[in-house]
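Protein chains: 2
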Amino acid sequence: MDQKDFLTNIAFDSVVFGFSGGALKILIMEYHNTGFFALPGGFVQRNENLNDAVRRGLKERTGLDNIYLEQFYTFGDTARYKPEIMQTILESGNYSLEKYEWLLDRFISVAYYALINYKEVVPQPDALSDSCEWYDIDALPPLIFDHADIVAKALQTLRDNLDRKLVGMNLLPARFTMNDLQKVYEAILGEKIRRTTFQRKMLSLEILKRHEKQYLGKAHKAPYLYSFED
Amino acid sequence: MDQKDFLTNIAFDSVVFGFSGGALKILIMEYHNTGFFALPGGFVQRNENLNDAVRRGLKERTGLDNIYLEQFYTFGDTARYKPEIMQTILESGNYSLEKYEWLLDRFISVAYYALINYKEVVPQPDALSDSCEWYDIDALPPLIFDHADIVAKALQTLRDNLDRKLVGMNLLPARFTMNDLQKVYEAILGEKIRRTTFQRKMLSLEILKRHEKQYLGKAHKAPYLYSFED
DNA sequence: TTATTATTGTCACAAAATGAGACAATGAAT
DNA sequence: ATTCATTGTCTCATTTTGTGACAATAATAA
Numbered sequence: 003m004d005q006k007d008f009l010t011n012i013a014f015d016s017v018v019f020g021f022s023g024g025a026l027k028i029l030i031m032e033y034h035n036t037g038f039f040a041l042p043g044g045f046v047q048r049n050e051n052l053n054d055a056v057r058r059g060l061k062e063r064t065g066l067d068n069i070y071l072e073q074f075y076t077f078g079d080t081a082r083y084k085p086e087i088m089q090t091i092l093e094s095g096n097y098s099l100e101k102y103e104w105l106l107d108r109f110i111s112v113a114y115y116a117l118i119n120y121k122e123v124v125p126q127p128d129a130l131s132d133s134c135e136w137y138d139i140d141a142l143p144p145l146i147f148d149h150a151d152i153v154a155k156a157l158q159t160l161r162d163n164l165d166r167k168l169v170g171m172n173l174l175p176a177r178f179t180m181n182d183l184q185k186v187y188e189a190i191l192g193e194k195i196r197r198t199t200f201q202r203k204m205l206s207l208e209i210l211k212r213h214e215k216q217y218l219g220k221a222h223k224a225p226y227l228y229s230f231e232d
Numbered sequence: 003m004d005q006k007d008f009l010t011n012i013a014f015d016s017v018v019f020g021f022s023g024g025a026l027k028i029l030i031m032e033y034h035n036t037g038f039f040a041l042p043g044g045f046v047q048r049n050e051n052l053n054d055a056v057r058r059g060l061k062e063r064t065g066l067d068n069i070y071l072e073q074f075y076t077f078g079d080t081a082r083y084k085p086e087i088m089q090t091i092l093e094s095g096n097y098s099l100e101k102y103e104w105l106l107d108r109f110i111s112v113a114y115y116a117l118i119n120y121k122e123v124v125p126q127p128d129a130l131s132d133s134c135e136w137y138d139i140d141a142l143p144p145l146i147f148d149h150a151d152i153v154a155k156a157l158q159t160l161r162d163n164l165d166r167k168l169v170g171m172n173l174l175p176a177r178f179t180m181n182d183l184q185k186v187y188e189a190i191l192g193e194k195i196r197r198t199t200f201q202r203k204m205l206s207l208e209i210l211k212r213h214e215k216q217y218l219g220k221a222h223k224a225p226y227l228y229s230f231e232d
């Protein structure tokens, strides 16, 4: 983590979406002894593609390769430059302010969102943080810098992309019911969807393969399981 | 233009769209004595918002304030790092390689597109360039670095945004005919649109104000002029 | 065994949006 | 007055979407 290995003034932040218990969640880190919460992020190595840097960071936090990833905005206001916060984080982690002085400089941050299958992940804190945990998108702790803005814009972009990109594929397990898929859409949009219209629309896309029924011992008709495979 | 005034490793590029003669055009710069063509761009001052830096750059190139601007992607592949090209540009412009050594470093570039009224602009070259001129989007010269990719992505984003944002407003003069507006849409989409459907759709949006007719001395019915004002 | 209950898959119809063409109105040239 | 190209609007067909109805389950209760 030496200055000469990394590009200066440029960072990235990731909004990692997962879906569990009917709610949309994201990963948030908490720094040692500071009460500071932040998005997972990192820096770009001098010989590394920006996109690869983000994948490297996500691999460290989630253990996953091949994550669905979209870049959505680059945040570059001067108002996001608050060196005293970074200084507190470094001091609380017992890091040398001299060696890591470059972290106190201003950073422009390229923001990405990722979609992952909640159940496949065991979130890992990094050296500076106590925890890396899921938070309900409606109940986030206060975040440092402009990270609340980043989350808001990530969610807005996800909503805008909902019709154009196959969002459900990445947030659900390989097999799921139509109702599972509908709940993902409802969590992202923040509103209820009409069941029959949703079902008709999803089936008309011809991207779902129907499998066996799912018997859960409930007192009603068992739903079919679907997958996105061909 | 001293290193200490600017953030390092980060730049911006602008795809400036204009509309003239029924075709979509963008601004391209040509560097002194090099045969190199590139998008207008620049660097971010240490105390300056990223968005403001882009507006500053556009003001220098076009003379305009209050330009319609959208950030659309940040390009950060290592493959775009070609210091020999920048060195040639500096040498051809008789700039000191020592003083401007920082320009030979790797840059991650935040890309924006702008929409402007073609007739309001007299493009201005900068100190390093011979010209800053309009080129038809279908007939661009070969561009340095990954600037051709940037243009392609700008155009794709513009198409995707066509229904959601008021594109025509920014590419046309204050008053225009329905046919003018349709030609803008056709130039962006790269395909013909059905006249009656387009007219019905535009009018149903209730964002157009109808004004007097435009008599051009042609042997047919004179069209109404419209504006986006309220 | 036979109701009861909640949910699912599908259909039918209404409403809205879009595609496609018809046609009269118009401004100038012949 | 006639012709011509273009415009504004209308109508009808087609497609998409909104809305509810309804039969088909899979377990539970009677």
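Going line by line, the protein sequences match chains A and B. Going letter by letter, the first sequence gives residues 3 to 232 in the working numbering. Going letter by letter, the second sequence gives residues 3 to 232 in the working numbering. Cβ atoms here follow ideal geometry from the backbone N, Cα and C, with glycine treated the same way. Predicted model only: the values in this text are computed from it and were never measured.
Q: Would you mind working out which of A/ARG166, A/GLY65, A/LYS84 sits nearest A/VAL124, comparing C-alpha positions?
A: Residue A/GLY65 holds the alpha-carbon nearest to the alpha-carbon of A/VAL124 among A/ARG166, A/GLY65, A/LYS84.
Q: Identify, in the order they occur along the chain, each residue of the same chain with its Cβ nearer than 6 Å to the Cβ of B/PRO127, setting aside the five sequence neighbours on each side.
A: Cβ neighbours of B/PRO127 beyond the five flanking positions: SER133, CYS134.
Q | Integer-rounded CB distance, given that B/TYR120 should sit under 8 Å from B/SER229 | A | Incorrect: roughly 17 Å between the Cβ atoms, too far for contact.
Q) Beta-carbon separation of A/VAL18 and B/THR76 under 9 Å? A) Contact: no.
Q: Give the single residue among B/HIS213, B/MET180, B/PRO144 whose Cα lies nearest to the Cα of B/ARG202.
A: Of the listed residues, the one whose Cα sits closest to B/ARG202 is B/MET180.
Q. Looking at the unbroken beta strand (DSSP E) that takes in A/VAL18, where does it start and where does it end?
A. For A/VAL18, the enclosing beta strand (DSSP E) has its first and last residue at 8-22.
(Q) Residues of chain B with CB closer than 8 Å to the CB of A/ILE110, please, in chain order. (A) Correct list: LEU9, ILE12, VAL46, LEU52, VAL112.
Q.
Beta carbons nearer than 7 Å to chain A: which residues of the segment 66-90 of chain B have them?
A. Correct list: GLN73, TYR75, THR76, GLY78, ASP79, THR80.
Q. When the Cβ atoms of the segment 55-72 of chain B are set against those of the segment 80-100 of chain B, are three or more pairs found closer than 8 Å?
A. Verdict: no, contact absent.
Q: Check whether the segment 10-17 of chain B touches the segment 54-62 of chain B, taking contact to mean three or more Cβ pairs, one atom from each stretch, closer than 8 Å.
A: With the cut-off at 8 Å, the segment 10-17 of chain B and the segment 54-62 of chain B touch.
Q. For A/ALA81, is the classification buried or exposed, using 16 other Cβ atoms within 10 angstroms of its Cβ as the cut-off for buried?
A. With fewer than 16 neighbouring CB atoms inside 10 Å of its own CB, A/ALA81 falls in the exposed class.
Q | CB of A/LEU157 within 9 Å of CB of A/ILE209, strictly | A | Contact: no.
Q: For B/GLU171, I'd like the list of residues in its chain whose CB is within less than 7 Å of its CB, leaving aside the five on either flank, ordered along the chain.
A: According to the sequence as given, residue 171 of chain B is Met; it is not Glu. In the same chain as B/MET171, and ignoring 5 residues on each side of it, the C-beta atoms closer than 7 Å to its own belong to PHE230, in chain order.
Q) Going by the CB atoms, is the gap between A/PRO225 and A/LYS211 shorter than 9 Å? A) Cβ distance not < 9 Å, so A/LYS211 and A/PRO225 don't count as in contact.
Q) Using a C-beta to C-beta distance shorter than 8 Å, which residues of chain B count as neighbours of A/ASN2? A) No statement about residue 2 of chain A is possible, as the shown extent of chain A runs from 3 to 232 and does not include it.
(Q) With three or more beta-carbon pairs closer than 8 Å as the criterion, would you say the segment 182-198 of chain B touches the segment 146-154 of chain B? (A) Touching, no, given that fewer than three Cβ pairs across the two stretches are closer than 8 Å.
Q | Outcome for A/ALA55 when other beta-carbon atoms lying within 10 angstroms are tallied against a minimum of 16 | A | Flag for A/ALA55 reads buried.
Q: With a threshold of 16 other CB atoms inside 10 Å of the CB of B/PRO85, please say whether the residue is buried or exposed.
A: Counting Cβ neighbours within 10 Å, B/PRO85 comes out exposed, since fewer than 16 surround it.
Q.
One question on the structure: do B/LEU41 and B/ILE28 come within less than 9 Å of each other, judged by their Cβ atoms?
A. Judged by beta-carbon spacing, B/ILE28 lies within the 9 Å limit of B/LEU41, meaning their Cβ atoms are closer than that value.
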